[in-house]
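Structure record follows, encoded as C-alpha cells.
Protein chains: 2
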Amino acid sequence: MPVEIDDSAAEARAQGWRTLAALHARIEDALERALQREHRLSVSEYSVLDVLARQDGFHLRMNQLSGAVVLSRSATTRLVARLEERGLLQRYLCPDDRRGVYTEVTADGRAALERARPTHDESLAAALRRAEELPELAPLVTTLAVLPRAEGEGSAE
Amino acid sequence: MPVEIDDSAAEARAQGWRTLAALHARIEDALERALQREHRLSVSEYSVLDVLARQDGFHLRMNQLSGAVVLSRSATTRLVARLEERGLLQRYLCPDDRRGVYTEVTADGRAALERARPTHDESLAAALRRAEELPELAPLVTTLAVLPRAEGEGSAE
DNA sequence: CCGAAATAGTTGCGTGTGCATCATTTTGCA
DNA sequence: TGCAAAATGATGCACACGCAACTATTTCGG
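Quick mapping for you: the protein sequence lines, in order, are chains U and D.
Heads up: the first sequence is residues 3 to 159, going by the working numbering.
Heads up: the second sequence is residues 3 to 159, going by the working numbering.
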C-alpha cells in the first residue's frame, strides 16, 4: 500500500521537524536571555554583527543581509537602523547601484561582537548540554557536532 | 595549547548552531506562509492543535502546553484564546486543582488539523528539498531523516 | 489552624516582525 | 531612445511575543 509508505515518510519528516524546532527554540531562548542580559543584544542583532564581521570588507547589502539572517526586508531595515544608532554599524549608498545600501560593521561593532562572543558560546554550550539530557533531543545534538565544516559559509543566500 | 582546542570546539558548536538556525528559519518561513494562506493557521497554532491531538484525552494544562510549544505563559494564554474563539479549542478548569486550566481540542479542531496536515507535510517536504540543494544545509537535512523515532514523544516537558 | 511562600494563569505595556504600499533607481524590450 | 517592468530599501499598520505585575488557589512551616 503505497499510501502507507508515503504517510510514514511524511510522519518521519514531521517528527524530524518537531525535534529541530524544539531544539532551536530552546537554544534561541537561552541565547536571547544571556545576550540581552549581558550585552543588550538580541540574537538577531548578534547574528547581523557576526555575519558582517565574517565578510571581506565587513560589509554587505541590505538584501544579502536579509537573506543571511532570514528576515524580511522591513525587519532588516529596522534591525540595521537600531544597530546604526548604537554606532555598531554604518550605512552608505552603493556607488555603482544607487538603489542599494551597504551596511558595514564598525570597529565598535566588531569590539562589541568580540565582547559578546564568550557569552554566546558559553550559553550555547550550556543549552546543548541541557538538551543532550533530553532523550528526544539528544540524537540531534550529537549529530550537530558531527556536521562537516563549511569553509566559505560567509556569503549570504 | 588547550585554549586553541577549546576555541575550535566553540567554533564548531557555533557553526552547527548557525546551520540549525538557518534551516529552521527557512522551514518555518515556508510553513508559515503555506498554513496561513490555505488554512489561516500560524505555525504555533498548528503546533498547539497537533500537540493536543496527540495527547490521551486530547487535553493538556496550560503550563504543559507552554513547555511543549516553547512559548511564554502569556503567549500561550493568548494563543489558546485565539483558537478558542474559533471553536478549535475548549478551556475548562482543573477539577482537582482550581488554579489549573485544561485545554482540549474540539472535534472541529481535530478536523481542522487533519485538513491542514497535507499542506503542512507538503510544504515541509518542499522546504527540505530546497534546503538539500544548498551545500551548507544538505548534511543537516540528511541527518534529520535518519533521526531515531521517539515512541512516546507526546508528553510535554 | 493560620499566614507566608509558591504555583497557575491572565492582563498592561513595550517592542520586533511581516505584509502592503511607496519612492527611487535600474533593467529590458520595442 | 523611451517607457513599462523589475528591483531595492523605507514606512504605516496590525499583531504576536516576552516581561512585569496582578489575582486566585494551593502548599508548607510554625
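Yeah, the Cβ is synthetic: ideal placement off N, Cα and C, and Gly gets one too.
What you are looking at is a predicted structure, and each value in this text was computed from that prediction instead of being measured.
Practice item. Output yes or no for whether 8 Å exceeds the beta carbon distance between LEU33 (chain U) and LEU22 (chain D). Key: One-based indexing of the first sequence puts residue 33 (chain U) at position 31. One-based indexing of the second sequence puts residue 22 (chain D) at position 20. Contact: no.
Check your understanding: Taking Cβ positions only, does GLY18 (chain U) come closer than 8 Å to chain D?
Key -> Taking the first residue of the first sequence as 1, we reach residue 18 (chain U) at position 16. Interface residue, yes.
Check your understanding: For VAL103 (chain U) versus MET64 (chain U), is the C-beta distance shorter than 8 Å?
Key -> Reading the first sequence from its first residue, position 101 is the one you call residue 103 (chain U). Reading the first sequence from its first residue, position 62 is the one you call residue 64 (chain U). Cβ atoms of VAL103 (chain U) and MET64 (chain U): closer than 8 Å.
Exercise for review: Measure the CB-CB distance between SER44 (chain U) and LEU51 (chain U) and report whether it falls below 8 Å.
Suggested key: As a first step, residue 44 (chain U) is located in the first sequence; it is residue number 42 there, counting from the start. As a first step, residue 51 (chain U) is located in the first sequence; it is residue number 49 there, counting from the start. Contact: no.
Review point. Taking the alpha carbon of ALA12 (chain U) as the point to measure from, which residue in D:ARG35, D:GLU135, D:HIS122 and D:ALA11 has its own alpha carbon closest?
Key: Counted from its first residue, the first sequence places residue 12 (chain U) at position 10. Comparing Cα positions, the closest option is D:HIS122.
Check your understanding: Does the separation of the CB atoms of ARG28 (chain D) and VAL72 (chain U) fall below 8 Å?
Key -> Here the question's residue 28 (chain D) lines up with position 26 in the second sequence. Here the question's residue 72 (chain U) lines up with position 70 in the first sequence. Yes, these two residues count as a Cβ contact at 8 Å.
Exercise for review: Using a Cβ cut-off of 8 Å (strictly closer), state whether GLU155 (chain U) contacts chain D.
Suggested key: Along the first sequence, one-based indexing puts residue 155 (chain U) at 153. Per-residue confidence for GLU155 (chain U) stands at a pLDDT of 47, beneath the threshold of 50, marking its modelled position as unreliable; the derived number appears in the next sentence. GLU155 (chain U) belongs to the set of residues whose beta carbon lies under 8 Å from a beta carbon in chain D.
Check your understanding: Measuring CB to CB, does LEU139 (chain U) end up less than 8 Å from ALA133 (chain U)?
Key -> By 1-based counting over the first sequence, the position of residue 139 (chain U) is 137. By 1-based counting over the first sequence, the position of residue 133 (chain U) is 131. Yes, Cβ-Cβ distance for LEU139 (chain U) and ALA133 (chain U) is below 8 Å.
Check your understanding: Would THR144 (chain D) be called buried (16 or more neighbouring beta carbons within 10 Å of its own) or exposed?
Key -> Within the second sequence, the letter at position 142 stands for residue 144 (chain D). THR144 (chain D) should be labelled exposed.
Exercise for review: Please go through the same chain and pick out, in chain order, the residues whose beta-carbon is closer than 6 Å to the beta-carbon of SER68 (chain U), but skip the five residues on each side of it.
Suggested key: Taking the first sequence and counting its residues from 1, the one referred to as residue 68 (chain U) is at position 66. Cβ within range, chain order: ARG75 and THR78.
Check your understanding: If we cut at 8 Å on Cβ distances, does THR105 (chain D) have a partner in chain U?
Key -> As a first step, residue 105 (chain D) must be located in the second sequence, where it is residue number 103. Cβ-Cβ to chain U under 8 Å: no for THR105 (chain D).
Review point. How is LEU149 (chain D) classed by DSSP in three states: helix, strand or coil?
Key: The sequence position of residue 149 (chain D) within the second sequence is 147, counting from 1. If DSSP states are grouped into helix, strand and coil, LEU149 (chain D) belongs with coil.
Check your understanding: Interface residues of chain D around HIS26 (chain U) at Cβ under 8 Å?
Key -> Counted from its first residue, the first sequence places residue 26 (chain U) at position 24. LEU22, ALA23 and HIS26, listed in chain order.
**Study point:** CA-to-CA distance, ASP9 (chain D) to ARG112 (chain U), given in whole angstroms
**Key:** Looking up residue 112 (chain U) in the first sequence gives position 110. Looking up residue 9 (chain D) in the second sequence gives position 7. Each residue's Cα considered, the two are about 18 Å apart.
Review point. Does ALA127 (chain D) have its Cβ less than 8 Å from a Cβ in chain U?
Key: Taking the first residue of the second sequence as position 1, residue 127 (chain D) is located at position 125. Yes, contact with chain U.
Practice item. For the beta strand (DSSP E) containing GLN66 (chain D), list its first residue and its last residue. Key: Locating residue 66 (chain D) in the second sequence gives position 64, where the first residue counts as 1. Per DSSP, GLN66 (chain D) belongs to no beta strand (DSSP E); it is in the alpha helix (DSSP H), 64-71.
Exercise for review: Could you spell out where the beta strand (DSSP E) holding THR108 (chain D) opens and where it closes?
Suggested key: Counting from one through the second sequence, the residue named residue 108 (chain D) turns up at place 106. Careful: THR108 (chain D) lies outside any beta strand (DSSP E) and carries neither H nor E.
Review point. At which residues does the alpha helix (DSSP H) containing LEU85 (chain D) begin and terminate?
Key: Counting from 1 along the second sequence, the entry for residue 85 (chain D) is found at position 83. Residues 75-87.
Review point. Helix or strand or just coil, what does DSSP make of GLU92 (chain D)?
Key: Start at 1 with the first residue of the second sequence, and residue 92 (chain D) comes out as number 90. The question names Glu, but residue 92 (chain D) is Gln in the sequence shown. In the three-state reduction of the DSSP assignment, GLN92 (chain D) falls in the strand class.
Check your understanding: Are LEU54 (chain D) and LEU142 (chain D) touching if we call contact CB-CB under 8 Å?
Key -> If you number the second sequence from 1, residue 54 (chain D) lands on position 52. If you number the second sequence from 1, residue 142 (chain D) lands on position 140. LEU54 (chain D) is not a Cβ neighbour of LEU142 (chain D), given a cutoff of 8 Å.
Practice item. Can you grab the Cα-Cα spacing for the pair SER125 (chain D) / ALA114 (chain D), in whole Å? Key: Taking the first residue of the second sequence as 1, we reach residue 125 (chain D) at position 123. Taking the first residue of the second sequence as 1, we reach residue 114 (chain D) at position 112. Whole-angstrom Cα-Cα distance: 17 Å.
Review point. Of all the CB atoms in chain U, is at least one closer than 8 Å to the CB of THR145 (chain D)?
Key: Position 143 of the second sequence, counting from 1, holds the residue named residue 145 (chain D). By this cut-off, THR145 (chain D) is an interface position.
Exercise for review: Please name the residue in U:SER46, U:GLY18 and U:ARG20 whose C-alpha comes closest to that of ARG20 (chain D).
Suggested key: Along the second sequence, one-based indexing puts residue 20 (chain D) at 18. Just measuring C-alpha positions, the residue of U:SER46, U:GLY18 and U:ARG20 sitting nearest ARG20 (chain D) is U:SER46.
Review point. Chain U partners of LEU130 (chain D), CB-CB under 8 Å?
Key: Taking the first residue of the second sequence as position 1, residue 130 (chain D) is located at position 128. Under the 8 Å cutoff, chain U gives ARG15.
Check your understanding: By how many angstroms is the C-alpha of ARG93 (chain D) removed from the C-alpha of LEU62 (chain D)?
Key -> Sequence index remark: in the second sequence, residue 62 (chain D) carries index 60 (1-based). Sequence index remark: in the second sequence, residue 93 (chain D) carries index 91 (1-based). Roughly 10 Å separates the two Cα atoms.
Check your understanding: Is any beta-carbon of chain U found at less than 8 Å from that of ALA114 (chain D)?
Key -> Taking the first residue of the second sequence as 1, we reach residue 114 (chain D) at position 112. Among the residues facing chain U, ALA114 (chain D) is not included, as its CB has no counterpart in that chain under 8 Å away.
Point to revise | Beta-carbon neighbours of VAL72 (chain U), restricted to chain D and to distances below 7 Å | key: As a first step, residue 72 (chain U) is located in the first sequence; it is residue number 70 there, counting from the start. The answer, in chain order, is ALA24, ALA27, ARG28 and ASP31.
Review point. Near CYS96 (chain D), what residues of its chain come up, given a Cβ to Cβ distance below 8 Å and the 5 sequence neighbours on each side ignored?
Key: Position 94 of the second sequence holds residue 96 (chain D). Here CYS96 (chain D) has ARG63, GLY102, VAL103 and TYR104 as same chain residues with Cβ atoms under 8 Å from its own Cβ, once five neighbours each way along the sequence are excluded.
Practice item. In the DSSP assignment, find the alpha helix (DSSP H) that holds ASP52 (chain D) and state where it starts and stops. Key: Within the second sequence, residue 52 (chain D) is the residue found at index 50, counting from 1. First-last of the alpha helix (DSSP H) with ASP52 (chain D): 45-55.
Check your understanding: Does LEU142 (chain U) get closer than 8 Å to chain D when you measure Cβ to Cβ?
Key -> Your numbering for residue 142 (chain U) matches position 140 in the first sequence. Look at LEU142 (chain U): its C-beta is under 8 Å from a C-beta on chain D.
Practice item. Show which residues of chain U have a CB atom less than 8 Å away from the CB atom of ALA118 (chain D). Key: To locate residue 118 (chain D), count along the second sequence from 1; it is residue 116. One finds nothing in chain U with a Cβ atom closer than 8 Å to the Cβ of ALA118 (chain D); even the nearest lies about 12 Å away.
Exercise for review: Determine, using beta carbons only, whether ARG15 (chain U) and LEU130 (chain D) come nearer to each other than 8 Å.
Suggested key: Taking the first sequence and counting its residues from 1, the one referred to as residue 15 (chain U) is at position 13. Taking the second sequence and counting its residues from 1, the one referred to as residue 130 (chain D) is at position 128. Pairing ARG15 (chain U) with LEU130 (chain D) gives a Cβ-Cβ distance under 8 Å.
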